[in-house]
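Engineer: What follows is a structure written as structure tokens; I'll ask about it next.
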Amino acid sequence: MRRAFVTLGGLVVGTTLLVSLKSAPGASRPPAAYAAATPSPTPLPSKTLDLPAVPTPSLSRSGTPSRSPSRAPSTPPRTTAPPPPSPPASPAVVMGDSAQTEFGYVTIGITVGGGRITDVILNELPSDEPRSVSISAKAGPVLRERALAAQGTNFDSVSGATWTSDAFKVSLRSAMTKAGLSG
Amino acid sequence: MSGPPVRRPPRAGGYLGRDLVGATIYVGLLCSVALWWLDTPARSLNNRGELLIAAGRITGLAAGYLLLVTVALRSRVGLLERFVGSEALGRWHRELGGALVVAILGHAALILVGYAALDDLPILNELNVLMTEYEDMTSAIVAVGILVGIGLLAIRAVRTVMPYELWKFLHLASYVVLLLAYGHQFADGQQLFRPGPARTYWIGLYVAVLACLAWGRVVGPLIFNLGHGFRVADVVQEGPDIVSIYLSGRRLRQTGRAGQFFRWRFLARGVWTQAHPFSLSAAANGRWLRLTVKTVGRHTEALRGLHVGVRVWAQGPMGSFTAVRRTRGRALLIAGGIGIGPIRALLEELPLGASVIYRASTADDVVLREELDRLAELRQADVWYVIGSRYDPAPRALLTASGMLQIAPDVASRDVYLCGPHGFVKQARAALRRAGVPRRQLHDTLFEF
Chain A
1 MRRAFVTLGG LVVGTTLLVS LKSAPGASRP PAAYAAATPS PTPLPSKTLD
51 LPAVPTPSLS RSGTPSRSPS RAPSTPPRTT APPPPSPPAS PAVVMGDSAQ
101 TEFGYVTIGI TVGGGRITDV ILNELPSDEP RSVSISAKAG PVLRERALAA
151 QGTNFDSVSG ATWTSDAFKV SLRSAMTKAG LSG
Chain B
184 MSGPPVRRPP RAGGYLGRDL VGATIYVGLL CSVALWWLDT PARSLNNRGE
234 LLIAAGRITG LAAGYLLLVT VALRSRVGLL ERFVGSEALG RWHRELGGAL
284 VVAILGHAAL ILVGYAALDD LPILNELNVL MTEYEDMTSA IVAVGILVGI
334 GLLAIRAVRT VMPYELWKFL HLASYVVLLL AYGHQFADGQ QLFRPGPART
384 YWIGLYVAVL ACLAWGRVVG PLIFNLGHGF RVADVVQEGP DIVSIYLSGR
434 RLRQTGRAGQ FFRWRFLARG VWTQAHPFSL SAAANGRWLR LTVKTVGRHT
484 EALRGLHVGV RVWAQGPMGS FTAVRRTRGR ALLIAGGIGI GPIRALLEEL
534 PLGASVIYRA STADDVVLRE ELDRLAELRQ ADVWYVIGSR YDPAPRALLT
584 ASGMLQIAPD VASRDVYLCG PHGFVKQARA ALRRAGVPRR QLHDTLFEF
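Right, dumping it as structure tokens:
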């Protein structure tokens, strides 16, 4: 019986210790408040912590096509831009900026012909967690179809993949801007 | 001088094997949790949801590992039986099993609450999300239910009111847990869903445990029984309700150490459905094996009527109640009632100069007396018969520190081997501890007769 309590105590203390060793200072804030606080490189005054959550795919960066996905769901966003992607092969693929979600980055490329989007390339979709992998697998092709049909970002988000859809549109929009399209 | 040659005792091993296995289990637990540690960047847990999910992942890895360990401890692999011993294996299995149930509940609760916080959803909605959007989660939740059920049934007060066979049958559901739980570990486990060293390690754990089960439960027993071909050779009445069953077979010297036991299944009508643990009551001698059994229940009663030639299926040898476990040069052996069987066998393999205490209720209940006296002479041992009701002065005096010291003044520097009914063993242990015997010199076998 005594051993049972020792085991139980070990489990609780060990888990707590491990988690607290990996935690960031002040990490017990609720997620929404944190999302509001993170994007700024300088600490915000404390009252802004009460602001509603900023939409998650609010940050973008230039994508490197073969980057391995980030492991931690919300590592502080990278503000330095990695080198731009190598020149795309023909037909010219225009790569959009990467847009961040909680579970990884979305990077969308397009090919353009005759002033229209001829193809949408899913270069990178969220894959930090098993769940995001399966969501991406389901939502990616649907988003591609909708973007092609709409010839732009004016289409409905995929239900159950709202963040991915939003980030998809951000990246798609930047690709279109680079390609000189408006949509 | 005639008679059999005096056996040399086996090399003393003490607790080295057991400590090694115990340390391996701890190292494995550390490795399993290290999968999370190495995979999680420092200072990366930024909010309550992430902290809870991290704790959920740690408890999940610990629970997944403990599930495999508890199954492996019960695989009946000979090496574990010899190194750790059935008694300690059973105790570890119970204790780790308890921790497993707590870890599983913690894992499920932390993951649920953590993701609910991260997704900003009510708990029930999040449960729905987990069950619909993640692979194999429904079966994982069923596994938690079964495991908690087994945990509740395992509480001593509940278990003892159930028939043993029913308990055993329900406990088989643990294998279903293994089956139901593994899918979500590989499909959804943050440290395991991607190919890599962590996933390989985890697959390795599963393969090792399955190999233990296949060897300990199927292949090992098949080889053992096909090789030995045990049959009933004779059934001898030893006392009012005690019989000895002699077995014949091949290569009878390679049947384990004195003091070990087997689960015996006699392949005769009416008794073949049950396997019961009985110790050998003589060390392996190359001519026969003998079990000395008290016929108390319906099953053991039926064993009296066994015919010569009946085939016997044995699983074993099991237990670490052997001369290998000794840590000192001299031993004290204490038998209560039918516990004399393994004690009598052990006397043959322990170093010369041991003492034996044989506790029995009446003179009629003393069995194997002649051969015990003969053996004691050969092994230069003294045998003390303590006979009477447990309320008589002599038996009462025996179960005190001074009683033990009177029989063996140097008891604190001896190994003490105890075998008998549970209450008797417990009382004797307490008396011996008060007489100054260190815990690691006390060896007992707790299987019920």
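Chains as they are written, first to last, in the numbering used here: chain A, 1 to 183; chain B, 184 to 632.
The C-beta atom is built at its ideal place from N, Cα and C for all residues, glycine as well.
1. Could you tell me which of A/Thr15, A/Ser23, A/Val13 and A/Thr164 sits nearest to threonine 107 of chain A, measuring between CA atoms?
2. Can you tell me whether valine 210 of chain B is buried or exposed? The criterion is at least 16 other CB atoms within 10 Å of its CB, across all chains shown.
3. Check whether the stretch 527-542 of chain B and the stretch 433-449 of chain B are in contact - that is, three or more C-beta pairs closer than 8 Å.
4. Contact criterion: CB-CB distance below 9 Å. Does glycine 160 of chain A meet it with respect to chain B?
5. Name the one or two DSSP bridge partners that threonine 101 of chain A has.
6. Kindly confirm or deny that the stretch 103-123 of chain A and the stretch 171-182 of chain A touch, where touching means at least three C-beta pairs closer than 8 Å.
7. In terms of residue numbering, what span does the alpha helix (DSSP H) encompassing aspartate 166 of chain A cover?
8. Going by other Cβ atoms of all chains shown within 10 Å of its Cβ, with 16 needed for buried, is isoleucine 517 of chain B buried or exposed?
9. Taking the DSSP output, what are the residues bridged to leucine 625 of chain B?
10. Would you tell me roughly how many angstroms separate the C-alpha atoms of arginine 623 of chain B and leucine 355 of chain B, rounded to the nearest one?
11. Got a sec: does the ligand NAP put a non-hydrogen atom nearer than 8 Å to the Cβ of glutamate 124 of chain A?
12. Considering just the uninterrupted stretch of the beta strand (DSSP E) at glycine 422 of chain B, what are its terminal residues?
13. Specify the secondary structure class of serine 538 of chain B as computed by DSSP and reduced to three states.
14. Residues of chain A with a CB under 9 Å from the CB of alanine 238 of chain B: which are they?
15. Can you tell which of B/Val549, B/Pro576, B/Pro604 and B/Gly512 has the C-alpha that lies nearest to the C-alpha of aspartate 598 of chain B?
16. Does the pairing of the stretch 398-409 of chain B with the stretch 254-264 of chain B give three or more beta-carbon distances under 8 Å?
17. For glutamate 124 of chain A and chain B, any beta-carbon pair shorter than 9 Å?
18. Report yes or no: is there a C-beta of chain A within less than 9 Å of the C-beta of glutamine 624 of chain B?
19. List the residues of chain A that alanine 245 of chain B touches, going by C-beta distances under 9 Å, in chain order.
20. Out of B/Ala282, B/Gly480, B/Val189 and B/Gly422, which one is the CA nearest neighbour of aspartate 547 of chain B?
21. For glycine 200 of chain B and leucine 212 of chain B, what's the separation of their Cα atoms in angstroms?
22. On the criterion of 16 or more Cβ atoms from any shown chain inside 10 Å, does phenylalanine 5 of chain A qualify as buried, or is it exposed?
23. Is it right to say glycine 297 of chain B is buried, meaning 16 or more other beta carbons lie within 10 angstroms of its own, or is it exposed?
24. Considering only residues of the stretch 447-528 of chain B, which uninterrupted alpha helix (DSSP H) runs meet the minimum length of 4 residues and lie entirely inside it, listed in chain order?
25. Output, in chain order, the set of chain A residues within a Cβ distance shorter than 9 Å of tryptophan 447 of chain B.
26. Mapping the DSSP letters down to three states, classify phenylalanine 445 of chain B as helix, strand or coil.
27. Closest to serine 322 of chain B by CA distance: which of B/Phe352, B/Gly502, B/Ala291 and B/Leu349 is it?
28. Determine the direct distance from the alpha carbon of serine 159 of chain A to that of isoleucine 406 of chain B, and round the result to whole angstroms.
29. Within this structure, are the beta carbons of valine 189 of chain B and leucine 472 of chain B separated by less than 9 Å?
30. Can you name the start and end residues of the alpha helix (DSSP H) that asparagine 308 of chain B belongs to?
31. Answer yes or no: does any C-beta atom of chain A fall closer than 9 Å to that of glutamate 318 of chain B?
32. Looking at the secondary structure, which residues open and close the alpha helix (DSSP H) in which threonine 7 of chain A lies?
33. Determine the direct distance from the alpha carbon of threonine 383 of chain B to that of phenylalanine 445 of chain B, and round the result to whole angstroms.
34. Pull the bridge partners of arginine 116 of chain A from the DSSP assignment, please.
35. Of all the CB atoms in chain A, is at least one closer than 9 Å to the CB of aspartate 627 of chain B?
36. Serine 596 of chain B and aspartate 565 of chain B - do their beta-carbons sit closer together than 9 Å?
Structural biologist: Short version:
1. Selected option, being the one with the closest Cα: A/Thr164.
2. Exposed, since its Cβ has fewer than 16 Cβ neighbours within 10 Å.
3. Cβ pair count under 8 Å is three or more, so yes.
4. Answer yes: the Cβ-Cβ gap between glycine 160 of chain A and chain B drops below 9 Å somewhere.
5. Beta-bridge annotation (DSSP): threonine 101 of chain A is paired with A/Gly104.
6. Result yes; three or more Cβ-Cβ pairs closer than 8 Å.
7. First-last of the alpha helix (DSSP H) with aspartate 166 of chain A: 162-178.
8. With 16 or more other CB atoms across the displayed protein chains lying within 10 angstroms of its CB, isoleucine 517 of chain B is buried.
9. Answer is B/Val599.
10. If I take the Cα positions, the gap works out to 33 Å.
11. What this structure holds is no ligand at all, so the ligand NAP is not there to describe.
12. According to the DSSP assignment, glycine 422 of chain B belongs to the beta strand (DSSP E) that extends over 414-422.
13. Looking at serine 538 of chain B - three-state DSSP - the assignment turns out to be strand.
14. Result: Thr15, Thr16, Leu18 and Val19.
15. Residue B/Gly512 is the option with its Cα nearest to aspartate 598 of chain B.
16. Per the Cβ contact rule, the stretch 398-409 of chain B is in contact with the stretch 254-264 of chain B (3 or more Cβ pairs under 8 Å).
17. No, glutamate 124 of chain A does not count as interfacial toward chain B.
18. Judged by the 9 Å Cβ criterion, glutamine 624 of chain B is not in contact with chain A.
19. Correct list: Leu11, Gly14 and Thr15.
20. Considering only alpha carbons, the answer is B/Gly422.
21. Spanning the alpha carbons of glycine 200 of chain B and leucine 212 of chain B requires a straight line of approximately 19 Å.
22. Residue burial is scored here from C-beta neighbours: phenylalanine 5 of chain A has fewer than 16 other C-beta atoms within 10 angstroms and is therefore classed as exposed.
23. In summary, glycine 297 of chain B is buried, with 16 or more beta-carbon neighbours lying within 10 Å of its beta-carbon over all protein chains present.
24. With a minimum length of 4 residues, the continuous alpha helix (DSSP H) runs that stay inside the stretch 447-528 of chain B are 481-486.
25. Under the 9 Å cutoff, chain A gives no residues; its nearest Cβ is about 32 Å from tryptophan 447 of chain B.
26. Strand at phenylalanine 445 of chain B.
27. For the residues B/Phe352, B/Gly502, B/Ala291 and B/Leu349, the minimum Cα distance to serine 322 of chain B belongs to B/Ala291.
28. C-alpha separation (whole angstroms): 59 Å.
29. Not closer than 9 Å, so no.
30. Per DSSP, asparagine 308 of chain B belongs to the alpha helix (DSSP H) from 306-316.
31. Among the residues facing chain A, glutamate 318 of chain B is included, as its CB has a counterpart in that chain under 9 Å away.
32. It spans 2-22 - the alpha helix (DSSP H) in which threonine 7 of chain A sits, taken as one unbroken run.
33. Using only the alpha carbons, I get a separation of about 36 Å.
34. A/Gly113.
35. Closer than 9 Å: no.
36. The beta carbons of aspartate 565 of chain B and serine 596 of chain B sit no closer together than 9 Å.
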